Amino acid sequence: DDLWYVEVHADADVDCTLTADDAYARPLTWDDGETQAGDDAVAAPDNLGGDYLFQLPSQTSAWGAWRHVLTVTSGEADLYVQKNAYPTDSTTWRSTNPGSDAVVLGASDFAANQTWYLRVHASPGAAWSLVSGDLYVPDLGPLGPDDAAPVSLPVGPEGSAWFRTTIPADTLAWRLASAGATLHVTKGAAPVPSRGRYEVREADASLLVPTYLTSGQYVVAVERAGVSSVTVDSRRQRIRVASAEPGAVGDDFAFTATLADDGFPWVTWRVDVPVDQIAWQVAVTPLSGTADVYVRKGDVPNATRNDGLSEAPGALVDTVTQVPPNLTNGTWYVSVRAAGPGWSCRLTSGNPEITDVAFVNDPVPVGNGAAHEAQVGWRYFRVPDIASQVGTLGWILDLEGAPAGTEIALRRNAVPGRWVYRANGATSTSQSSRVDVTATSGFLERPNHEADIWYIGIYHPTAALGPFALRTRTFQPTTLAMNGGAVTVSDQVSGRWRYYKVIVPPGGLGWDLALDPVTSGKPRMVIRRDILPASYGDIPSTGINEGTQWASTWQWAVGNDLTNRPYAPYVQGQSADN
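In this note's numbering, the protein residues as written are 96 to 673.
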């Protein structure tokens with residue numbers, strides 16, 4: 096009821112109109128989101144331009160989000176939103192894009208029964224309408240079959256189209272795609288891309304799988320700015336089985352099939368692993384474009400939920416190998432993710448190739464084989480001849496011509512394995528392995544090797560194995576005389592053993608051994624009776640250098656000199672203080 100005065104000052108003769116409203120802010124009605132345009136939208140009260148203030152009490156949103164949409168049909172207008180106060184130009188919630196504007200709040204940005212203000216700043220003559228309330232989230236019903244047709248959805252000033260769908264309990268995987276868009280998915284609530292509120296986010300296409308995918312309702316935001324509509328492909332993922340798939344050669348475990356681009360980057364196969372399988376290898380060979388492969392037991396895999404994966408770059412052959420006890424009989428699934436226009440690839444499932452080799456093949460090593468040179472992952476060999484291993488002192492395996500970091504692994508009576516995987520939606524990888532002995536230095540040494548059937552695995556997770564050669568031989572120690580024996584050593588490779596054999600005659604009063612002089616490196620000396628030293632520890636762990644007995648297989652890892660004792664008589668140069 097106070098009396099106010101308004102002064103209009105002009106620097107020249109002008110004609111103008113002064114208008115005033117009898118309310119500080121016009122009321123808005125919360126829109127229920129039943130239509131894209133909104134049923135409770137308000138139009139511009141006039142075409143004079145300037146600021147228009149609206150007030151709205153917030154309500155509980157049906158989808159955990161609140162949209163404010165300013166649709167501009169001519170001229171220019173901007174939108175500002177603020178809780179409990181007049182929205183200034185610097186308010187957090189604002190949209191000043193050319194043309195229409197929108198502000199979408201996430202569930203944590205507001206609560207019911209709060210007072211919010213919306214300010215529209217319009218140019219003179221601008222035509223616009225304003226709606227505020229629930230998101231428009233059309234219901235697409237239960238997820239359709241694997242041959243369901245795509246749908247078209249409108250995109251408003253929010254820059255996204257939302258929809259909801261119900262996932263039936265028997266759904267193995269959900270195929271979701273919209274070319275050129277970013278897909279955001281949340282179970283039971285609306286994703287809000289502008290606020291970073293979502294559970295899954297992927298560009299162009301997504302394969303959603305258990306355990307994230309369960310029965311219930313999911314809401315998807317398809318984000319794509321600058322368009323009025325988007326086409327969305329949402330349906331069950333097709334599960335292929337070799338015995339029912341035209342063009343596949345083999346059975347439901349061991350088969351080969353060619354895959355081709357059908358507009359969706361993911362292809363999924365079911366594989367029935369039989370009982371007593373010693374290993375299973377899946378390989379994907381790109382023919383055009385690139386391809387990665389993922390495997391999983393009991394559920395469909397994707398890039399972040401799997402039991403094994405291979406994502407080698409370029410045109411390399413990806414392989415994933417599973418071995419017992421991780422590998423068990425039953426239903427497994429393989430998903431291939433390909434990329435590139437008109438991509439195609441060859442999928443192979445079955446037993447890995449295992450080449451029998453001699454226990455000792457030196458001087459003629461065994462090669463990888465041309466068929467495996469572009470392969471990433473495992474290449475296997477087996478030593479079946481037990482008799483040839485009996486009576487040897489140990490075994491040496493040398494890998495020649497392989498990429499740096501390539502692993503040599505041994506496993507007794509079983510195929511070795513190592514695989515990377517992602518679990519529970521993680522973007523980083525984890526690793527599991529089933530090996531008995533392993534090395535990545537280019538050689539593997541097995542002093543006192545036990546005779547048995549041994550499997551050899553050569554592995555690299557990201558590089559092609561190339562035309563490597565595997566050389567195997569036994570330890571042949573150099574014989575040294577007990578008295579006066581000497582040998583000069585140069586260029587000994589770090590981490591490698593060199594063995595010397597000494598026959599100790601009866602009646603000796605002592606034994607002196609020395610590495611002298613050492614001009615480079617830091618070699619260590621280990622002495623063991625009857626068999627080769629194989630570690631840097633004492634066996635038994637204490638007292639061997641002070642005892643009067645040295646039983647068979649006992650070992651002393653030399654540290655201090657035998658005479659380096661902290662009591663008189665002292666070694667030359669020592670005293671009671673040092």
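Backbone N, C-alpha and C fix where the C-beta goes; we use that ideal spot for every residue, glycine too.
Only a predicted model underlies this, so the values are computations on that prediction, with no experimental measurement involved.
Check	Outcome
Residue environment, residue 548, which counts as buried when at least 16 other CB atoms sit within 10 Å	exposed
DSSP three-state assignment for residue 436, whether helix, strand or coil	strand
Residue 454 vs residue 551 beta-carbon contact at 8 angstroms	no
Residues bridged to residue 258 (per DSSP)	315
DSSP state of residue 513 mapped onto helix, strand, coil	strand
Beta-carbon contacts of residue 384 that lie in its chain and below 8 angstroms, excluding the five residues immediately before and after	356, 433, 434, 435, 436, 437, 438, 439, 440
Cβ separation of residue 164 and residue 226, assumed to be a contact under 8 angstroms, to the nearest whole Å	5 angstroms
Whole-angstrom distance between residue 459 and residue 603, CA atom to CA atom	44 angstroms
Cβ-Cβ separation, residue 277 to residue 298 (assumed contact under 8 angstroms), whole Å	5 angstroms
For residue 132, the first and last residue of its enclosing beta strand (DSSP E)	No beta strand (DSSP E) contains residue 132, which DSSP labels as neither H nor E.
Inter-residue CB distance, residue 331 and residue 266 (contact presumed, cutoff 8 angstroms)	6 angstroms
Exposure label - residue 463; buried when at least 16 CB within 10 Å	buried
Closest Cα partner of residue 376 within the set 419, 445, 411, 342	445
Helix, strand or coil at residue 243 [DSSP, three-state]	coil
Neighbourhood of residue 528 by C-beta distance below 6 angstroms, restricted to the same chain and skipping five residues each side	513
Other residues of its chain near residue 55: CB distance less than 8 angstroms, five sequence neighbours each side excluded	What the structure shows of the chain is the stretch from 96 to 673, and residue 55 is not part of that stretch, so it cannot be assessed.
Check whether residue 679 and residue 427 have beta carbons under 8 angstroms apart	The requested residue 679 does not occur in the structure, where the chain is confined to residues 96 to 673.
beta-carbon residue 398 near the ligand PLP non-hydrogen atom, thresh 7 angstroms	Inclusion of the ligand PLP in the displayed structure is not the case, the ligand content being empty and no account of it being possible.
Closest Cα partner of residue 599 within the set 420, 579, 268, 153	579
DSSP state of residue 338 mapped onto helix, strand, coil	helix
Burial state of residue 405, where buried means 16 or more other Cβ atoms lie within 10 Å	buried
Alpha-carbon to alpha-carbon, residue 565 and residue 470	16 angstroms
According to DSSP, residues forming a beta bridge with residue 582	According to DSSP, residue 582 bridges with nothing at all.
First and last residue of the uninterrupted beta strand (DSSP E) at residue 100	Counting along the chain, residue 100 falls outside any beta strand (DSSP E), and DSSP gives it neither H nor E.
Pair within 8 angstroms by beta-carbon distance, residue 294 and residue 280	yes
Proximity to residue 303 [Cα-Cα], best of 323, 508, 318, 282	282
Best match in 496, 363, 473 for proximity to residue 414 [C-alpha to C-alpha]	473
7 angstroms Cβ shell around residue 349 - same chain, five flanking residues per side excluded	444, 445, 446
Beta strand (DSSP E) runs contained entirely in the segment 266-301, provided each spans 3 or more residues	269-282
The segment 284-293 / the segment 321-329 touching (three or more Cβ pairs under 8 angstroms)	no
Assumed close pair residue 623, residue 648 - CB separation to whole angstroms, cut-off 8 angstroms	7 angstroms
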